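Numbering (our numbering), first residue to last: 1376 to 1534. Note that the Cβ used here is the ideal one computed from N, Cα and C, for glycine as well. Small disclaimer: the values here were computed from a predicted structure and weren't measured.
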């Protein structure tokens, strides 16, 4: 008696399984000065550089192993009175350290919500009995926010 083998899981379904287990972490936004800044002063912007690395998730079914890789590419900063985009995580402030490659100078005083949105490029590969070998899955944003108070320094000359 001939028994028909069960149908093989399509690779696209294994990709969906890998994606379902994938977690893209929210960035950890930082500013310097921290928590407060001043009008016209360049404020350093960065996300935690330890999280700026490729992330992977895997799923294996029916002799197929799918590996998804999410690579952070860019951070878009929404700053309350403007926006800036930066390639990479930005440079953490260190006294005497390198200048910032991501900063913003506020135009007005006020209390602002600073939102960092990291964009991950996600791709996948399949090894084994796959009906497709890999491809691009898309670009996905993940956001987190912090608060910043911007003050203004005014001088008066007499004379």
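Assigned with DSSP and collapsed to three states, residue 1426 falls in helix. According to the DSSP assignment, residue 1450 belongs to the beta strand (DSSP E) that extends over 1439 to 1453. Under the DSSP definition of a beta bridge, residue 1417 partners with 1480. For residue 1384, there is no enclosing beta strand (DSSP E), as DSSP marks it with neither H nor E. Contact between residue 1493 and residue 1434 is absent: CB atoms are separated by about 24 Å, not below the 8 Å threshold. The Cβ atoms of residue 1417 and residue 1478 lie closer than 7 Å to each other. The beta-carbon distance between residue 1460 and residue 1449, rounded to whole angstroms, is 6 Å. This is short enough to meet the 8 Å contact definition. Boundaries of the beta strand (DSSP E) around residue 1487: 1485 to 1503. From the listed residues 1502, 1505, 1405, 1489, the smallest Cα separation to residue 1454 is found for 1489.
At least 7 Å separates the beta-carbon of residue 1408 from that of residue 1491. Residue environment analysis places residue 1386 among the buried positions, since at least 16 neighbouring C-beta atoms fall within 10 angstroms of its C-beta. DSSP, read as helix, strand or coil, puts residue 1506 in coil. Residue pairing from DSSP leaves residue 1377 without any beta-bridge partner.
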